[in-house]
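Peer 1:
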Amino acid sequence: MRRCATLVALLLAAAALPLSTAVASPVHGTQDAADRHGWTGTWAAAASGTVSDTGFAGYSIRNLVHTSIGGERIRVKLSNALGTRPVLFAHSTVGLQRVPGSAAIAPRSLRDLTFDGHRAVTVPAGAEVYSDPVDLPVAEASDLFVTTYTPEPSGPVTQHGTGLATSYYATDGEDHAGDLDGGGLPSTTQSWHYVTEVDVQPGPAGAAAGSGAVVALGDSITDGLASTPGTNRRWPDLLAARLRASHGPVSRLGVLNAGISGNRVLSEGGGPSATARLERDVLRRAGARTLIVLEGINDIQQIPREGDADRIIAGLREIADRSHAAGLRVLGGTITPFKGWGSYSPQQEAARASVNAWIRDGGVFDAVVDFDAAVRDPADPHRMRARYDSGDHLHPNDAGLRAMADAVDPRTLGRPGPVRPAPGHRPERSLSIAAAPRGAVALAGRASTVSFVARATVQGAGTVRGTVTATLGETKYEHAFAVTSGGRFAQVDVAQDIAVPADLEAGEHRVRFTVRTREGRSRTTTAVLDVRRLGCGPSDDSCPLDLTGVHDRDSIATADRPDDGDFDGLGWSYAAETLPAAGPSVLAGAPFVFPSSADGVRNTVTAIGQTLALPAVRARELHVLGAASGGTVEGSGTVTYADGSTAALPLRFSDWAGGPQAGETVAVAAPYRYRAGAGRDGPPVSIYARGVPLDPHRVVRSVTLPDDVRLKLFAVTLDLRR
Numbered sequence: 004m005r006r007c008a009t010l011v012a013l014l015l016a017a018a019a020l021p022l023s024t025a026v027a028s029p030v031h032g033t034q035d036a037a038d039r040h041g042w043t044g045t046w047a048a049a050a051s052g053t054v055s056d057t058g059f060a061g062y063s064i065r066n067l068v069h070t071s072i073g074g075e076r077i078r079v080k081l082s083n084a085l086g087t088r089p090v091l092f093a094h095s096t097v098g099l100q101r102v103p104g105s106a107a108i109a110p111r112s113l114r115d116l117t118f119d120g121h122r123a124v125t126v127p128a129g130a131e132v133y134s135d136p137v138d139l140p141v142a143e144a145s146d147l148f149v150t151t152y153t154p155e156p157s158g159p160v161t162q163h164g165t166g167l168a169t170s171y172y173a174t175d176g177e178d179h180a181g182d183l184d185g186g187g188l189p190s191t192t193q194s195w196h197y198v199t200e201v202d203v204q205p206g207p208a209g210a211a212a213g214s215g216a217v218v219a220l221g222d223s224i225t226d227g228l229a230s231t232p233g234t235n236r237r238w239p240d241l242l243a244a245r246l247r248a249s250h251g252p253v254s255r256l257g258v259l260n261a262g263i264s265g266n267r268v269l270s271e272g273g274g275p276s277a278t279a280r281l282e283r284d285v286l287r288r289a290g291a292r293t294l295i296v297l298e299g300i301n302d303i304q305q306i307p308r309e310g311d312a313d314r315i316i317a318g319l320r321e322i323a324d325r326s327h328a329a330g331l332r333v334l335g336g337t338i339t340p341f342k343g344w345g346s347y348s349p350q351q352e353a354a355r356a357s358v359n360a361w362i363r364d365g366g367v368f369d370a371v372v373d374f375d376a377a378v379r380d381p382a383d384p385h386r387m388r389a390r391y392d393s394g395d396h397l398h399p400n401d402a403g404l405r406a407m408a409d410a411v412d413p414r415t416l417g418r419p420g421p422v423r424p425a426p427g428h429r430p431e432r433s434l435s436i437a438a439a440p441r442g443a444v445a446l447a448g449r450a451s452t453v454s455f456v457a458r459a460t461v462q463g464a465g466t467v468r469g470t471v472t473a474t475l476g477e478t479k480y481e482h483a484f485a486v487t488s489g490g491r492f493a494q495v496d497v498a499q500d501i502a503v504p505a506d507l508e509a510g511e512h513r514v515r516f517t518v519r520t521r522e523g524r525s526r527t528t529t530a531v532l533d534v535r536r537l538g539c540g541p542s543d544d545s546c547p548l549d550l551t552g553v554h555d556r557d558s559i560a561t562a563d564r565p566d567d568g569d570f571d572g573l574g575w576s577y578a579a580e581t582l583p584a585a586g587p588s589v590l591a592g593a594p595f596v597f598p599s600s601a602d603g604v605r606n607t608v609t610a611i612g613q614t615l616a617l618p619a620v621r622a623r624e625l626h627v628l629g630a631a632s633g634g635t636v637e638g639s640g641t642v643t644y645a646d647g648s649t650a651a652l653p654l655r656f657s658d659w660a661g662g663p664q665a666g667e668t669v670a671v672a673a674p675y676r677y678r679a680g681a682g683r684d685g686p687p688v689s690i691y692a693r694g695v696p697l698d699p700h701r702v703v704r705s706v707t708l709p710d711d712v713r714l715k716l717f718a719v720t721l722d723l724r725r
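Position in the sequence shown (from 1) plus 3 gives the number in my numbering.
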């Protein structure tokens, strides 16, 4: 009866939709069906949970993903797997990111997605849908945007919370899926929404050589929780880079991440259990040939309240048996050490040892990846090596994740299999360059360096060779490159520190970036270097407030005295060595005077509704450096002008262990913090910068802060530019 009612509801919904809208059928089938159609996963993220009970009506979301292998054509999977109501995707697109840190699309790369020939698609609750193929030849290791526009309310939004990549969104109700410059998507998120898979199809030559995908099923360690955001340093990412560099058969294997932070083998915790989600997150992935499973640490942490080693082993055996039945090779990953983690106990350690012994010697897996041996401390095998420890004694840092990737023997992954090729085409040629940031700031009278990233997007036959040059005045920096394109869009990133001499005059200067190929093609772009005078006089540009007299809290601790600070009132503090030195500094594109991190020194201002006097100047903007604890602070202060008029001063700051919200920029990204009585501790924390517009025609007198002790300010600067 329920199935009949559901069918009737879907038919009624379909009848009510415009003719240009498709109603998606759920995705079924195993990787064999995908292989017959020539598709291989290049990127994936598991549906880990939901946000918003009413959906994202009027949202455009530009999700940033990173390919592991390249192909001639692309298709995208949109997911409503965890939703409770249908979702209408009115417009979806795919295109390459123009430059890191930007929502812009690279020239000539934007493609509309269709679904059974329709631009719009309605995805039922619990379902996922593939787009039609689009001709977008994209190289390996490329940054790709998938943008969705959802005009109507729905149920909860399917997401992957730990994206660790900056995606962009807009909430204004307009369709920004086709925006090229990205200016209409001002907000950022570190989560992925709706998008769970991107597949590629090789050309004739690639199809003849074969293809396939390795799926990494795991928890927060596979999810890369403690890796550096925006760098693609999860162990599956690093494994993909290893395979690409091998230039052998395994270089054609995509690597798909199916990690979910907090995930368990047997029961729901962080998302559906590994056994419950195996079909969706592993067996249905396009081209899946090999599974690496690293699960169990979160189940172990429930002992003795729930479960035991035998139950964990039974769950892992079920995963292996079902995957073998679907034709996959299955590699078992040993569980990494966690002595020093909050819940650690001898009983839990004994369970870890039992599970690892079974993984190594049980004969169930086709091969074993000894992650435990890769990261454990030889002097104390129950503990992670210090150089691999993120600080919480459970999650590996970037170096530890690299050690884990290196522990995978490529010979155990199997070989790519035959696939049907995409239609052949003549390789095209294109060339573009962009730089980020588009504007940077330096301080007059101080020798410094300013960092830029230039990205050249190149397309040509075979290997494209050339140079990327950065020029400031008479100083030139040149980098040679060689990138395999084969007619696909390939990205060349060049990070360049530009030296700013102390005698460079104040004002705006142009930094030129030029890409030039050996055959003579070239493109140029420019960025602005703004050299500002620091001070509050009539000829100055940026006026920093002296907050020394109103500092009321020590929020920073040192390695020698991790108990010294207390940012959140619970004993956690920023680590001094992760912060800027005391004194003038440019952070998030604005000049500030950062406070002292010395032991025993108060260095932040707690927002308790107090009024701070301002220099009598006209300013166009107030730049504030701060962070909140215990969640986001939705604060509002007041600016008072010399003529007695006032204006609201929105001071919304995110939690220091969260991510930036609309209008915020991460000014300081600290990989760890200190905890009183425990020392170095995770997770990563941030200090945020926010600019608030002022009336440039009025002289300021004072600013009154919100009354919320969770908000602390590190520095404040008035922008005096005319």
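For each residue, glycine too, the CB sits at the ideal point set by N, CA and C. A quick note: this is a predicted structure, and the numbers were derived from the prediction, not measured.
For the alpha helix (DSSP H) that contains Ala323, what are its first and last residues?
Peer 2: That run of the alpha helix (DSSP H) goes 312-328.
Peer 1: Could you check which residue in Ala128, Trp42, Gln499 has the C-alpha nearest to that of Thr517?
Peer 2: With distances taken between Cα atoms, Thr517 lies closest to Gln499.
Peer 1: Using DSSP's beta-bridge definition, name the partner residues of Tyr691.
Peer 2: Its beta-bridge partners are Gly629, Val669.
Peer 1: Leaving out five residues on either side along the sequence, give the residues of the same chain with a beta carbon under 8 Å from the beta carbon of Gly61.
Peer 2: Excluding sequence neighbours, Gly61 sits near Thr153, Pro154, Thr174, Asp175, Gly176, Glu177.
Peer 1: Could you compute how far the alpha carbon of Ala616 sits from the alpha carbon of Pro598?
Peer 2: So the alpha carbons of these two residues sit roughly 18 Å apart.
Peer 1: Can you tell which of Tyr172, Phe341, Ala560, Ala509 has its C-alpha closest to the C-alpha of Ala450?
Peer 2: Per the Cα distances, Ala509.
Peer 1: Taking 7 Å as the limit between beta carbons, can you name the residues of its chain near Trp361, skipping five residues before and five after?
Peer 2: These residues qualify, in order along the chain: Ile316.
Peer 1: Could you check whether Glu200 and Ala84 sit closer than 8 Å to each other, using their CB atoms as the reference points?
Peer 2: Cβ atoms of Ala84 and Glu200: not closer than 8 Å.
Peer 1: Only counting the same chain, and skipping five residues up and downstream in sequence, which positions put a Cβ closer than 6 Å to that of Pro674?
Peer 2: Once the five neighbours on either side are set aside, the close Cβ partners of Pro674 are Pro687.
Peer 1: Give the DSSP bridge partners of Tyr133, in chain order.
Peer 2: Answer is Lys80.
Peer 1: Measuring straight from C-alpha to C-alpha, what distance separates Ala312 and Arg355?
Peer 2: Using only the alpha carbons, I get a separation of about 7 Å.
Peer 1: Taking 8 Å as the cut-off, does the region 182-199 touch the region 165-173 (at least 3 CB pairs, one atom from each stretch)?
Peer 2: Touching, yes, given that three or more Cβ pairs across the two stretches are closer than 8 Å.
Peer 1: Do Leu404 and Arg526 have their C-beta atoms within less than 8 Å of each other?
Peer 2: Contact flag unset, no.
Peer 1: Around the C-beta of Ala18, are 16 or more other C-beta atoms found within 10 angstroms, so that it is buried, or is it exposed?
Peer 2: Unreliable placement is indicated for Ala18, whose pLDDT of 37 sits below 50; the coordinate value is still reported in the next sentence. Answer is exposed; the Cβ neighbour count stays below 16.
Peer 1: Measuring alpha carbon to alpha carbon, tell me which of Glu282, His554, Arg111 ends up nearest Glu321.
Peer 2: With distances taken between Cα atoms, Glu321 lies closest to Glu282.
Peer 1: Does the distance from the C-beta atom of Arg623 to that of Arg724 stay below 8 Å?
Peer 2: Cβ atoms of Arg623 and Arg724: closer than 8 Å.
Peer 1: Sort Ala244, Ile108, Leu147 by Cα distance to Gly181 and report the nearest one.
Peer 2: Looking at the Cα atoms, Ile108 is the closest of the given residues.
Peer 1: Considering only residues of the region 473-526, which uninterrupted beta strand (DSSP E) runs meet the minimum length of 3 residues and lie entirely inside it, listed in chain order?
Peer 2: Listed in chain order, the complete beta strand (DSSP E) runs (minimum 3 residues) inside the region 473-526 are 478-487, 493-503, 510-520.
Peer 1: Should Leu183 and Val411 be called a contact, given that it needs their Cβ atoms to be closer than 8 Å?
Peer 2: For Leu183 and Val411, no; Cβs fall outside 8 Å.
Peer 1: With a threshold of 8 Å between beta carbons, is Ser63 in contact with chain C?
Peer 2: In summary, chain C is missing from the structure at hand, where a single protein chain is found.
Peer 1: Quick check on the DSSP output: the alpha helix (DSSP H) that includes Asp1 runs from which residue to which?
Peer 2: Nothing in the structure corresponds to residue 1, since the chain is present only between 4 and 725.
Peer 1: Assign Tyr675 to one of three DSSP states: helix, strand, or coil.
Peer 2: DSSP places Tyr675 in coil when its eight states are reduced to three.
Peer 1: Give the straight-line distance between the Cα atoms of Ile559 and Pro587, rounded to the nearest whole angstrom.
Peer 2: Straight-line Cα distance between these residues: approximately 18 Å.
Peer 1: Where does Ala17 sit, in a helix, a strand or coil, going by DSSP?
Peer 2: Summary for Ala17: the model assigns pLDDT 38, below 50, so the residue's position carries little reliability, and this model does not support an answer.
Peer 1: Where does the unbroken beta strand (DSSP E) through Asp364 begin, and where does it stop?
Peer 2: Where Asp364 is concerned, there is no enclosing beta strand (DSSP E), although the alpha helix (DSSP H) it sits in stretches over 349-364.
Peer 1: My assumption, with CB atoms under 8 Å, is that Ala692 sits in contact with Pro547. Please give the rounded CB distance.
Peer 2: About 13 Å separates the two Cβ atoms, so there is no contact after all.
Peer 1: Apply the 10 Å Cβ neighbour rule to Ser82 and answer buried if 16 or more other Cβ atoms are within range, or exposed otherwise.
Peer 2: Buried is the call here.
Peer 1: Among Pro565, Leu550, Gly552, Asp533, which residue has its Cα nearest to the Cα of Asp543?
Peer 2: Of Pro565, Leu550, Gly552, Asp533, the residue nearest in Cα terms is Asp533.
Peer 1: The alpha helix (DSSP H) spanning Val712 covers which residue range?
Peer 2: Where Val712 is concerned, there is no enclosing alpha helix (DSSP H), although the beta strand (DSSP E) it sits in stretches over 710-722.
Peer 1: So the alpha helix (DSSP H) Ser249 belongs to, where does it begin and stop?
Peer 2: Its alpha helix (DSSP H) spans residues 238-249.
Peer 1: For Arg432, which of helix, strand or coil comes out of DSSP?
Peer 2: Coil.
Peer 1: Nearest to Ala437 by alpha carbon, out of Val497, His482, Glu431, Pro419?
Peer 2: The shortest C-alpha separation from Ala437 is found at Val497.
Peer 1: Check each candidate in Asp373, Asp646, Gly164, Ala25 and name the one with the smallest Cα separation from Leu116.
Peer 2: Of the candidates Asp373, Asp646, Gly164, Ala25, the one whose C-alpha sits nearest the C-alpha of Leu116 is Ala25.
Peer 1: Starting from the C-beta of Thr707, find all residues in its chain whose C-beta is less than 6 Å away, skip the five residues before and the five after it, and write them out in chain order.
Peer 2: The answer, listed in chain order, is Thr614, Gly640, Thr641.
Peer 1: Mind checking Glu667: buried by the 16 CB within 10 Å criterion, or exposed?
Peer 2: Looking at its Cβ environment, which holds 16 or more other Cβ atoms inside 10 Å, Glu667 is buried.
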